[in-house]
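Shown next, in structure tokens, is the structure this report addresses.
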Amino acid sequence: MALEHPGAPAAPTHDLAPAPVFSRDVLTIPRHTLPAEELDPDVAFQLVHDELMLDGNARLNLATFVTTIMEPQAKLLMAECLDKNMIDKDEYPQTAELESRCVNILSNLWNSPDGGRATGCSTTGSSEAAMLGGLALKRRWAARQKAAGKPTDKPNIVMGINVQVCWEKFANYWDVEMRLVPMEGDTYNLTPERAVAQCDENTIGVVAILGSTFDGSYEPVADICAALDDLERRTGVDVPVHVDGASGAFVAPFIDPDLVWDFRLPRVQSINASGHKYGLVYPGVGWAVWRDADALPEDLIMWVNYLGDEMPTFALNFSRPGAQVVAQYYNFLRLGFDGYQKVQQYSRDVATRLSAEIEKLGPFKLLTRGDELPVFAFTTADHVDNFTVFDVSNSMRERGWLVPAYTFPDNRTDLAALRVVVRQGFSHDLADLLIKDLKRQLAILEKQPAPVHDESTAGGFHH
Ligand SMILES: *Cc1c(COP(=O)(O)O)cnc(C)c1O
1 MALEHPGAPA APTHDLAPAP VFSRDVLTIP RHTLPAEELD PDVAFQLVHD ELMLDGNARL
61 NLATFVTTIM EPQAKLLMAE CLDKNMIDKD EYPQTAELES RCVNILSNLW NSPDGGRATG
121 CSTTGSSEAA MLGGLALKRR WAARQKAAGK PTDKPNIVMG INVQVCWEKF ANYWDVEMRL
181 VPMEGDTYNL TPERAVAQCD ENTIGVVAIL GSTFDGSYEP VADICAALDD LERRTGVDVP
241 VHVDGASGAF VAPFIDPDLV WDFRLPRVQS INASGHKYGL VYPGVGWAVW RDADALPEDL
301 IMWVNYLGDE MPTFALNFSR PGAQVVAQYY NFLRLGFDGY QKVQQYSRDV ATRLSAEIEK
361 LGPFKLLTRG DELPVFAFTT ADHVDNFTVF DVSNSMRERG WLVPAYTFPD NRTDLAALRV
421 VVRQGFSHDL ADLLIKDLKR QLAILEKQPA PVHDESTAGG FHH
């Protein structure tokens, strides 16, 4: 509804031509049906713009892994490419070329033996990339079973219960039995022994996560591979590994050079990563890369015409924006290895310092310290019984900070934690302001007689 200032003239004279934004006749505009008539673009803009103010400030959202800041030059390139459809490789051959350069860059960064002619593609995010990685595993397993004259009706996939929901979607949508390894005690992610214990000849693969959305920890990819090597030696069962590197595949190569988690491990067949997380691009881009052409079954590839050539594609979507892929390439050029290293190291420095400061406050116990992904989880100390992590989350919202609180999955549903994701744009200075606000809210919480919020009242939080 357009509003008029009480002091405004009743109707504009023909001499005055004020912007029409708030000076139209009073309108009512339906919210859930298509309005019958047109609206002035300024009025439409203002209505949408004003409503979106309630979304809060993305930079203060410490729940998300997704990029909330980019350089103006990147934004300009994205604006230039808003009208380009990634699938039209014929019409936009240079966008297609930049995509394939990005795949090569990542394939080399992750030490593919075939880096020179990499196999991979861009996607809308890690979820789509995980679907593609999982499908390739399923096809390869089925082909192997068929060749051996064995049944193909009971595929399973093994992973920790801390997997992101995209893997539950994969298992559900493509009829693969999900073998989720629960958390036990202080072990919040997949261990080699537990992974192997779930594997048999119907296992299409093991998913190892770098790193976990629950607490930012890296799963021990190399140890999981070694345990599967041993399984193969003992039983002949050969189980490939897919690394869900949604965040870590853009972190570990730069600041954990000694960690061997990628295609250097022969058992690792495919890797997914979110360009829009630590790849530092705004939402809308992910990457799937296979170790070599053999790891991606030919029959999953569709061929599209590309400037008279046939071009292979493997994707769930057809049309998709080209802007994010262009922005990814911009980041690669702009930052180079050194630039990514600086950005990720800074985030890790902020995360480890902030977690240490939080530990020093007294009422909290750290579950992780931000020294793997720049992400850490913490809970209330044993002596705290008058407020919950949900109370803390809620009270930080009063200061504009979104610090999510959530319960862990089986077998640690007794454990509830807060999580902070440090990413580009979250400076030491903002960390100091967060600590200051946390201290100030704690002074209030410490006086409350009993917990107020639990999971059911704290507002939703989804991984
Ligand atoms: C974020 C995330 C995903 C899903 O990625 P999107 O890019 O949001 O689709 C999958 N796995 C892990 C480990 C993640 O952190």
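Heads up: the sequence shown begins at 1 in the UniProt record's numbering, then just goes up one per residue. Just so you know, even glycine gets a beta-carbon here, dropped at the ideal spot from N, CA and C. Computed from a prediction, not measured in an experiment: that's the story for all the values here.
- The region 405 to 415 makes no contact with the region 39 to 56; the number of CB pairs closer than 8 Å stays below 3.
- Judged by DSSP in its simplified three-state form, residue 249 adopts helix.
- Here residue 272 is buried, its C-beta having at least 16 other C-beta atoms within 10 Å.
- The continuous beta strand (DSSP E) containing residue 242 extends over residues 241 to 244.
- Sixteen is the threshold: when 16 or more other Cβ atoms of the shown chains lie within 10 Å of the Cβ of residue 401, as they do, the residue is buried.
- Between residue 293 and residue 119 a beta carbon distance of about 5 Å is seen, short of the 8 Å cut, so the two are scored as contacting.
- Residue 111 and residue 313 have their C-alpha atoms some 22 Å from each other.
- Excluding residues up to 5 positions away in sequence, 403, 404, 405, 418 and 458 lie with their Cβ nearer than 7 Å to the Cβ of residue 393 in the same chain.
- Counting the other Cβ atoms within 10 Å of the Cβ of residue 302 gives fewer than 16, which makes it exposed.
- Rounded to whole angstroms, residue 287 and residue 246 show a C-alpha spacing of 9 Å.
- Under the 10 Å beta carbon count, residue 413 is surrounded by fewer than 16 other beta carbons and is classified as exposed.
- Nearest to residue 128 by alpha-carbon distance, out of 291, 276 and 432, is 276.
- Residue pairing for residue 379: DSSP places it in a beta bridge opposite 365.
- Taking 8 Å as the cut-off, the Cβ atoms of residue 386 and residue 450 count as close.
- Cβ-Cβ separation between residue 355 and residue 366: approximately 6 Å, consistent with a contact (criterion under 8 Å).
- Put simply, the backbone Cα of residue 434 is about 10 Å away from that of residue 428.
- The nearest non-hydrogen atom of ligand 1 is less than 7 Å from the C-beta of residue 166.
- The beta carbons of residue 181 and residue 160 sit closer together than 8 Å.
- For residue 121, the enclosing beta strand (DSSP E) begins and ends at 119 to 123.
- Secondary structure in the region 284 to 355: the beta strand (DSSP E) runs of 3 residues or longer, each lying completely within the stretch, are 286 to 290, 302 to 306 and 309 to 313 in chain order.
- Contact check for residue 146 against residue 177 fails: the beta carbons are separated by 8 Å or more.
- The beta carbon of residue 209 sits closer than 7 Å to at least one heavy atom of ligand 1.
- Secondary structure at residue 218: strand, using DSSP grouped into helix, strand and coil.
- Setting aside the 5 residues that flank it on each side, residue 207 is surrounded in the same chain by 157, 159, 163, 167, 242 and 244, each with a C-beta closer than 7 Å to its C-beta; the list follows chain order.
- The beta-carbon distance between residue 390 and residue 453, rounded to whole angstroms, is 4 Å. This is short enough to meet the 8 Å contact definition.
- Counting along the chain, the unbroken beta strand (DSSP E) around residue 159 starts and ends at 156 to 160.
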